[in-house]
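Residue numbers (the UniProt record's numbering): 1 to 447.
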C-alpha cells in the first residue's frame, strides 16, 4: 500500500470540503493531527494546496469547464478535484515542475482505481501545461473580474452594485492576499504588571488601535510562546476597533451575546482592566469550553464568565441588566473571505435575507438587555447592505429610545480609511485598511 503524500491528502481534504460541505479549517485541522508524523514541508504543501484550491475554486472550475469535452458537472467528483489541484499548482505554485504535476495527477487517478480515466486526466493536465501562458494572459486581461479574482458571478455583481467597479476589484484582489496575523496586547495582565516594552519585539503596532499589532512574519515560535502565556490573543484589527467603538469601562456589566471564540469579551475585559463583569455567551458547548480556555490563559477568569445560552431565546433575568451589549451576530462572512474562502462555495444570494432576519430576531432580544443609559454594539464581519446599514437603520427606526453614536468620530476614521455609513456607523473595507471587512454601529439607550 502506497503511503499518503501531500497531494493525496490534499485530494481527500478537497473532496470533504467540496462534496460533503465540511469547513476547510476543520478538515485541515483533522489532517494536521492525523498526519503529524509527516515532514513539515509535506504538511505545509498539503495546506497550501487545499487552501489555494478552495480560494481559487470558482476560477479553476470555469477554466476547466471551458477545456473539457465532458460537461464539468458530469465529471466524477474525484476527477474534478484532481484537475482543480493540478491547475492550481500550474498557475500559482511555479516552483513545482510541470512534469511533476502531470505525473502526480495520473498517479492520483490510478490510486483511486480509475484506470479508465488515466488518459483523460493525462490529456487534460497536459493541455493545462501547454496553455498555461495563454490562461494567465486570459486572466490578466479579462474584463470579467469574477473570473480574474475567483468570485462567484453573483457576488461580483453585488459588490459592483454596492461599491462600484474600482473599489470592488480592490476588495476582491485583497481577498486573494494572505490575511495578516493581528494580535491584541493583554495590557492588563502584562504591561500594567510591569512587563518590559520588549514584549512587542518583532511586531508592528497598528496606527488605528494602540493595542493591536501585526505579526509580519506570521506565527513564529516567540509569538506562539507569547500567545500560550496570554501576553497576546489573536484578534483582527476590525474586531478590536469594534470593541474600541463601544468603549467598555471599568466596573461595567457587559454581555457578549454571540461571543465565540471570545476575542471581543477579552478585549472588553482588557479595556475594563479586569474590573467589572462580562457574560460571554454562545450556543455551542464546545465553543464555550474553548472560551473558558482562552479566558483562563489570558488571566480574565475573575471578570469574564463563559456561558452556554441561545441568543434567539429571550432571558427575563437579563432584561435591562447590562451597561453594554455586544451583538456581533452570525452573518454571511463576506468580509473574511481571505481567511475563510470556502464561504464562496456554500453561500447563495438567497441566504443573505435569511441571515438578516435571524440577526433581527437576535437584536429584538439584545435591545431588551440594555439598561437605560447603556450601549448596544451591533457589528458583523460581512459587507452586505442588508446585514449592515439596513439593520442599523432598522434598529434606529424600531427602537426609538436608541440613538446612534458617531463611530467614525470615536475611532478617528475618515472617508479614505473606512466607508462612512448613515447614522454614524462605519464599514471597514479590506481595500482601505489592512483588516477584515467589518461593519460597526453603536447605539445609546435613553436614560
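The C-beta atom is built at its ideal place from N, Cα and C for all residues, glycine as well.
Return helix, strand or coil for residue 323, following the three-state DSSP convention. Within the chain shown, numbered from 1, the residue matching residue 323 stands at position 323. Residue state, collapsed to three classes: strand.
Over the uninterrupted beta strand (DSSP E) stretch that includes residue 445, give me the two end residues. Within the chain shown, residue 445 is the residue found at index 445, counting from 1. Looking at the DSSP string, the run of the beta strand (DSSP E) that includes residue 445 is 438-445.
Using the C-alpha atoms, what's the distance from residue 124 back to residue 206? As a first step, residue 206 is located in the chain shown; it is residue number 206 there, counting from the start. As a first step, residue 124 is located in the chain shown; it is residue number 124 there, counting from the start. Each residue's Cα considered, the two are about 47 Å apart.
Let's test the definition: count the other Cβ atoms within 10 Å of the Cβ of residue 391 and tell me whether it reaches 16, buried, or not, exposed. Sequence index remark: in the chain shown, residue 391 carries index 391 (1-based). It is buried - the Cβ of residue 391 has at least 16 other Cβ atoms within 10 Å.
So, helix, strand or coil for residue 404, using DSSP? The sequence position of residue 404 within the chain shown is 404, counting from 1. In this structure, residue 404 counts as strand in the three-state DSSP scheme.
Does DSSP put residue 333 in a helix, in a strand, or in coil? Taking the first residue of the chain shown as position 1, residue 333 is located at position 333. Three-state result, residue 333: coil.
Count the other C-beta atoms from every protein chain shown that fall within 10 angstroms of the C-beta of residue 445, then say buried if there are 16 or more, exposed otherwise. Within the chain shown, numbered from 1, the residue matching residue 445 stands at position 445. Per the 10 Å Cβ criterion, buried.
Is residue 333 closer than 9 Å to residue 291 when the C-beta atoms are compared? In the chain shown, counting from the first residue as 1, residue 291 sits at position 291. In the chain shown, counting from the first residue as 1, residue 333 sits at position 333. Not a contact, by the Cβ cut-off of 9 Å.
Residue 197 versus residue 185 - alpha carbon distance: Along the chain shown, one-based indexing puts residue 197 at 197. Along the chain shown, one-based indexing puts residue 185 at 185. With a pLDDT of only 48 at residue 197, under the threshold of 50, the placement of this residue in the model should not be trusted; the figure read from the coordinates follows. Roughly 11 Å separates the two Cα atoms.
Quick check: residue 183 and residue 223, are their CB atoms within less than 9 Å of each other? For the purposes of this step, residue 183 is taken as residue 183 along the chain shown, with counting starting at 1. For the purposes of this step, residue 223 is taken as residue 223 along the chain shown, with counting starting at 1. Going by C-beta atoms, residue 183 is nearer than 9 Å to residue 223.
Those runs of the beta strand (DSSP E) which lie wholly inside the stretch 352-385 and span at least 3 residues: 370-380
For the candidate residues 341, 299 and 393, whose alpha-carbon lies nearest to that of residue 152? Position 152 of the chain shown, counted from the first residue, corresponds to residue 152. Cα-wise, what sits closest to residue 152 is 341.
Kindly identify the DSSP beta-bridge partner or partners of residue 213. Within the chain shown, residue 213 is the residue found at index 213, counting from 1. Paired residue(s): 183 and 205.
Ignore the nearest five residues each way along the sequence and tell me which others in residue 249's own chain have a CB closer than 7 Å to its CB. Within the chain shown, numbered from 1, the residue matching residue 249 stands at position 249. Taken in chain order, the residues that qualify are 272.
Please report the residue range of the beta strand (DSSP E) in which residue 428 lies. In the chain shown, counting from the first residue as 1, residue 428 sits at position 428. 426-428 is the span of the beta strand (DSSP E), which, as asked, contains residue 428.
Looking only at its own chain, which residues have a Cβ that is under 6 Å from the Cβ of residue 226, when we skip the five neighbours before and after it? As a working note, residue 226 is residue 226 in the chain shown. Within the same chain, residue 226 has close Cβ partners 232.
Would you identify the three-state DSSP class for residue 422, choosing helix, strand or coil? Numbered from its first residue, the chain shown carries residue 422 at position 422. Helix.
Residue 19 by DSSP, collapsed to three states: which one? Within the chain shown, residue 19 is the residue found at index 19, counting from 1. It is helical.
If you draw a straight line from the alpha carbon of residue 62 to that of residue 394, how long is it in whole angstroms? What you label residue 62 is simply residue 62 of the chain shown in a count that begins at 1. What you label residue 394 is simply residue 394 of the chain shown in a count that begins at 1. Taking the straight line from one Cα to the other gives about 39 Å.
Taking the alpha carbon of residue 323 as the reference point, which residue from 408, 277 and 135 has its own alpha carbon closest? In the chain shown, the residue the question calls residue 323 occupies position 323. Checked all of 408, 277 and 135; the closest Cα to residue 323 is 277.
So, residue 343 versus residue 379, is the Cβ gap smaller than 9 Å? Locating residue 343 in the chain shown gives position 343, counting from the first residue. Locating residue 379 in the chain shown gives position 379, counting from the first residue. The answer is no: Cβ separation not under 9 Å.
Report buried or exposed for residue 264, applying the criterion of at least 16 other Cβ atoms within 10 angstroms of its Cβ. As a first step, residue 264 must be located in the chain shown, where it is residue number 264. Residue 264 comes out buried.
Short check: CB of residue 83 to CB of residue 105, under 9 Å? Along the chain shown, read from residue 1 onward, the residue named residue 83 stands at position 83. Along the chain shown, read from residue 1 onward, the residue named residue 105 stands at position 105. Yes, these two residues count as a Cβ contact at 9 Å.
Are the CB atoms of residue 258 and residue 328 nearer to each other than 9 Å? The sequence position of residue 258 within the chain shown is 258, counting from 1. The sequence position of residue 328 within the chain shown is 328, counting from 1. Their beta carbons are under 9 Å apart, which means residue 258 touches residue 328 by this criterion.
Three Cβ pairs or more, each shorter than 8 Å: is that satisfied between the stretch 9-22 and the stretch 49-69? yes
Pull up the DSSP beta-bridge partners for residue 255, would you. For the purposes of this step, residue 255 is taken as residue 255 along the chain shown, with counting starting at 1. Answer is 279 and 325, bridged to residue 255.
Which residues does DSSP pair with residue 306 in a beta bridge? Taking the chain shown and counting its residues from 1, the one referred to as residue 306 is at position 306. Paired residues: 280.
For the alpha helix (DSSP H) containing residue 314, list its first residue and its last residue. In the chain shown, counting from the first residue as 1, residue 314 sits at position 314. Note, residue 314: premise wrong, no alpha helix (DSSP H); not H, not E.
Which residue wins for smallest C-alpha separation from residue 381, given the options 433, 239 and 204? Along the chain shown, one-based indexing puts residue 381 at 381. For the residues 433, 239 and 204, the minimum Cα distance to residue 381 belongs to 239.
Reduced DSSP category for residue 198 - H, G, I as helix; E, B as strand; rest coil: Here residue 198 corresponds to residue number 198 of the chain shown, with the count starting at 1. For residue 198, the predicted model reports a pLDDT of 44, less than 50, meaning its position is unreliable; a value from the coordinates is still stated below. DSSP places residue 198 in helix when its eight states are reduced to three.
Exposed or buried, residue 414, counting other C-beta atoms within 10 Å across all chains shown (16 or more means buried)? Locating residue 414 in the chain shown gives position 414, where the first residue counts as 1. So residue 414 counts as exposed.
Can you have a look at residue 41 and say buried or exposed, based on whether 16 or more other CB atoms are within 10 angstroms of its CB? On the chain shown, residue 41 is found 41 positions in, with the first residue counted as 1. With fewer than 16 Cβ atoms within 10 Å of its Cβ, residue 41 is classed as exposed.
Tell me the rounded alpha-carbon separation between residue 433 and residue 408. Taking the first residue of the chain shown as 1, we reach residue 433 at position 433. Taking the first residue of the chain shown as 1, we reach residue 408 at position 408. Their backbone Cα atoms lie some 14 Å apart in a straight line.
Across the stretch 310-322 and the stretch 364-379, are there enough close Cβ pairs to call them in contact, namely three or more that are closer than 8 Å? yes
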